[in-house]
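This report concerns only the one structure given below.
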Amino acid sequence: MKLQSIRGVKDILPEEIWKWQWVESVAHKIFSRYGFNEIRIPIFEDTRLFSRSIGETTDIVEKEMYTFEDRGGDSLTLRPEGTASVVRAYIEHKMYAPPSVCKMFYIGPMFRYERPQAGRLRQFYQIGVEAMGSPSPAVDVEVMTMLLEFFNELGLKDSRLQINSLGNQNCRPQYRELLKGEIKGQLDRLCKNCVNRYERNPLRVLDCKVEQCQEVARNLPKIIDHLDDESEKHFSEVQNLLTIAKAPYTINPNLVRGLDYYNMTAFEVTSENLGSQNAVCGGGRYDTLVEELSGPPTPCFGFALGLERLVSLIPFKEENTDANPDIFLVCLGEAAKVPGFQAAHELRLAGFKVERDYEMASMKSQMRKANKSNCQFTLILGENEINSGKYILKNMNNSEQHEIDAKNLVSEIGKSLT
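Residue numbers for the sequence shown follow my numbering, so the first one is 627 and each next one is one higher.
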């Protein structure tokens, strides 16, 4: 029986993982600069958490969640997104006391049953950010500019910020009814999904990627034209602060988020290198979700991005030179077994990256492996070197070699590497 990975998941192999680790390290660096700290949330939760927070009419809840019953009879779900779990943790651990803006980010796998295609997997990885506790437009803009700085640090030069306002809880209901009335006369032009959900969530029609639905959406009323004074003021301040920050943006009146909990500012960052499905990151304000999950009223703003898609866009160097060993240890003969082990151990404790051949092969074979490893130096130990206490250090870039004192191994190699 030949065992393979499940369709829709992938292994991230050692020759590729350094890219992911570098992206994550940049996230840690940039996000901490803005006061965000990492949170690690469970991979599975009570199913009700996601059905209540994401919305029972969304594709995620209706079609895509991995839900199962455990041995105790409880319904559990592998997390399809991270915000709901962060909110649950925020409430459970009373992170709202004392009142302040709580800033968190997470990195980890999510799970959705989708048709596998380019950039979409059933187990995929996300970086997400949540700022919880303030309705200020400054929070919206700080998070968006932090994201743009993150992309800039990664070397992404073609990212574009699009924004919209979804209004607040006062103006949204009237707009929904207006939208439903306009859509009703054009149901025959919509895809099956939009027909099924327009009564429950007509805003999703605006976000549909099917071409015929996009044609309908272009002529539908825009929520940005139906904002109340509070929503309009908030959106105006967001635009003003983006201008002050010199963060280029465009207003996309058809931009809505696929999850039910968003309100006020919504945004996406897109890339020209992704074709029609060009969104790299999306997010916005969600001011009612904490309260809906039985927490105190807490205005929030956040985003999530897919790591697979992000990694595919970054102009990495062709090879990861940081993964190359500093030293490749060449041990010749039985007499070199123990001294070779001791030398490798001592050098690693001192902070050097050391690789070696464990099979004690011929000099020629071990030097081939040393060349393949792209090490800076080889350290050669044979019977003569051990007896004399003088090991041979060879520079792999210019083939120069010299003897070093085995008793001062760390200090002498340190001088050569500087």
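We put the CB at the ideal spot given by N, CA and C, even for glycine.
Being a predicted model, the structure only gives us computed values, none of them experimental.
Tell me, which residues are paired with residue i by DSSP?
i: V980; result: I953
i: F776; result: Note: F776 sits in no beta bridge, so no partner.
i: M736; result: F750
i: F570; result: Because the chain is modelled from 627 through 1044, residue 570 falls outside the range shown and cannot be assessed.
i: A892; result: N790 and G910
i: Q1027; result: K1020
i: K729; result: A757
i: L1005; result: L955 and L1019
Measure from the alpha carbon of residue i to the alpha carbon of each residue in the options, then state which is nearest.
i: A715; options: R911, L915, I953 and Y801; result: L915
i: E664; options: R705, D672, F670 and E650; result: E650
i: L919; options: F694, N819, V956 and T673; result: T673
i: Y732; options: P725, L867, E707 and D766; result: E707
i: E1011; options: E1029, E642, A996 and R994; result: E1029
i: Q788; options: A764, R883 and F893; result: F893
i: M890; options: L813, I953, R748 and G909; result: G909
i: F676; options: I850, K979, M736 and I638; result: M736
i: F954; options: A969, R678 and E981; result: E981
i: K1033; options: I638, Q630 and Q968; result: Q968
i: F777; options: T896, G1008 and C834; result: T896
i: R786; options: E898, S988 and E960; result: E898
i: G634; options: F750, P965 and D833; result: F750
i: V906; options: I632, L1043, I1018 and D784; result: D784
i: R826; options: G811, L805, A843 and I717; result: L805
i: N1024; options: R678, V964, S1042 and R666; result: S1042
Report back the beta-carbon spacing between residue i and residue j to the nearest angstrom; my notes put them in contact at under 8 angstroms.
i: A757; j: V727; result: 6 angstroms
i: K1020; j: T1004; result: 5 angstroms
i: I753; j: R705; result: In fact, because the Cβ distance is near 14 angstroms, the residues do not count as touching under 8 angstroms.
i: K835; j: P879; result: About 17 angstroms; that fails the 8 angstroms criterion.
What's the C-alpha gap between residue i and residue j?
i: N822; j: Q800; result: 21 angstroms
i: L702; j: K628; result: 30 angstroms
i: K740; j: M691; result: For the record, residue 740 in the displayed sequence is Glu; it is not Lys. If you take the alpha carbons of E740 and M691, they lie about 9 angstroms apart.
i: A710; j: H654; result: 21 angstroms
i: R802; j: E695; result: 36 angstroms
i: A723; j: E917; result: 15 angstroms
i: R994; j: N1013; result: 25 angstroms
i: H719; j: G921; result: 11 angstroms
i: S658; j: E985; result: 45 angstroms
i: L881; j: L868; result: 18 angstroms
i: E641; j: V864; result: 42 angstroms
i: S762; j: Y888; result: 16 angstroms
i: I1006; j: Q1027; result: 10 angstroms
i: I850; j: R911; result: 15 angstroms
i: V755; j: L846; result: 32 angstroms
i: D833; j: I809; result: 14 angstroms
i: L813; j: L829; result: 14 angstroms
- Does the segment 854-864 come within contact of the segment 788-802, defined as at least 3 CB pairs closer than 8 angstroms? yes
- Query: If we count Cβ pairs, one from each stretch, closer than 8 angstroms, do we get three or more for the segment 804-820 versus the segment 831-844?
  - Reply: yes
- Task: Could you tell me whether the segment 925-936 touches the segment 767-781, using the rule of 3 or more Cβ pairs below 8 angstroms?
- Result: yes
- Task: Kindly confirm or deny that the segment 644-663 and the segment 935-949 touch, where touching means at least three C-beta pairs closer than 8 angstroms.
- Result: yes
- Query: Touching or not, the segment 990-1004 and the segment 963-976, by the rule of three or more beta carbon pairs under 8 angstroms?
  - Reply: no
- Does the count of Cβ pairs from the segment 868-887 and the segment 760-770 closer than 8 angstroms reach three? yes
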